[in-house]
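Okay, so here's the structure we're looking at.
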Amino acid sequence: MNKQLFFRFLGIAFIYTFGMIAIWACLNTWLSGSVWNGMTLSKSALTVEYCEFNNSEAFFHQSMNTYSNLAYFFFGILVFQIAQFDFRNKENNTQNKLEKFPLLSVLMSCCFIYLSFGSAFFHASLTYLGQRVDMNGTYSISIALLGIGWYHLLHKIEFSEIIKKLWFGVLILIIIAFLPLSLIISSSKLLPFMILLLLISIAIHYIQFRQEKSFILAILGFVLMFIAVKIRTLDVQKINCDPHSLYQGHAIWHLLTAMSSFCSYAFFRFSKIQPLQTKL
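This note's numbering puts the sequence shown at residues 14 to 293.
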């Protein structure tokens with residue numbers, strides 16, 4: 014995939030994202046917070062977990078924390094276009110395992126979009142149901158990336174189309190299974206463990222194919238996640254907190270984790286050597 018085509022995909026993702034901003038802005042103008050009446054409040058709402066002011070009269074109770082989830086939507090649209098490209102050019106993609114398994118890119122794009130709407134639902138409503146969907150969306154991104162990472166660790170095995178579909182299906186079942194699992198194991202323990210597993214798989218794959226893989230993307234994914242965790246922690250601790258400011262630490266967390274997740278995906282998807290023949 015050449016740079017011109019990638020920038021074209023970026024432009025299309027921006028257009029869709031701006032369109033979604035307009036839709037969400039209209040919904041936030043036309044609807045009120047009464048839409049969420051009757052739904053059980055989340056523990057986060059009761060403890061005032063995040064800095065941003067809870068405007069219960071508005072449809073989006075936390076506007077910045079809601080709109081910032083469109084960062085996930087943007088990368089979801091971008092990755093979906095890459096998946097479509099890979100489907101069209103699968104016979105030419107002989108240098109990269111992920112290019113030959115576009116269903117994993119489809120899963121990644123769906124997880125991005127799932128998290129975008131799930132987390133927006135939570136911050137707009139601050140309900141228990143929203144919090145559960147938000148957390149499951151977060152886990153889905155990690156599961157998709159781990160599925161991609163483990164697939165690459167089995168680089169000596171050539172997956173048949175049936176096995177690829179089974180791999181895809183199992184990852185979906187795992188994401189569904191995490192809905193009840195997240196109630197049993199604390200996210201403060203489970204999520205860091207999953208991130209650690211991802212970093213290990215990235216490190217192993219880089220060592221195996223260092224001439225083909227980008228060290229910058231590998232490190233950038235980790236650095237962005239590290240900064241995101243620090244900013245989220247400051248937001249939860251209410252350090253330099255202004256509830257009515259346009260700047261909200263948790264909103265920055267959304268942006269940075271979206272970028273970190275895409276960098277980790279891009280590490281596996283893009284090689285320094287790309288096929289010459291492609292179908293647009």
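Built from N, CA and C at the ideal position, the CB exists for glycine as well.
Residue from the options with nearest C-alpha to residue i
i: PHE239; options: SER258, ILE215, LEU269; result: LEU269
i: PHE88; options: SER47, LEU192, THR140, TYR127; result: TYR127
i: ILE220; options: ILE90, HIS168, ILE95, ASP99; result: HIS168
i: ALA84; options: PHE235, MET33, THR53, GLU70; result: MET33
i: PHE66; options: GLN261, LEU192, ALA96; result: GLN261
i: ALA216; options: LEU179, ALA58, SER277, SER199; result: SER277
i: PHE283; options: LEU204, ILE229, LYS251, LYS177; result: ILE229
i: LEU40; options: SER173, PHE206, TYR80, GLU62; result: TYR80
i: ALA26; options: ALA38, GLY46, PHE93; result: PHE93
i: ILE156; options: LEU54, LYS285, PHE20, ILE185; result: ILE185
i: LEU18; options: LEU91, PRO193, ASN68; result: LEU91
i: PHE235; options: SER273, ALA264, THR246, MET207; result: SER273
i: ILE170; options: LYS113, LEU23, LEU204; result: LYS113
i: VAL146; options: SER55, GLY51, PHE98; result: SER55
Buried versus exposed call for residue i [16 or more other C-beta atoms within 10 Å across all chains shown]
i: ASN253; result: exposed
i: LYS110; result: buried
i: SER138; result: buried
DSSP three-state assignment for residue i, whether helix, strand or coil
i: LEU44; result: coil
i: LEU259; result: coil
i: GLU174; result: helix
i: MET272; result: helix
i: GLY32; result: helix
Span of the alpha helix (DSSP H) around residue i
i: TYR164; result: 141 to 166
i: LYS56; result: 56 to 60
i: ARG223; result: ARG223 -> no alpha helix (DSSP H), and no H or E assigned at all.
Practice problem: Just list the alpha helix (DSSP H) runs in the region 179 to 218, keeping only unbroken ones of 4 residues or longer that don't cross its boundaries, in chain order. | Solution: Qualifying alpha helix (DSSP H) stretches: none in this window.
Practice problem: Just list the alpha helix (DSSP H) runs in the region 62 to 116, keeping only unbroken ones of 4 residues or longer that don't cross its boundaries, in chain order. | Solution: Runs of the alpha helix (DSSP H) inside the region 62 to 116: 76 to 80, 83 to 101.
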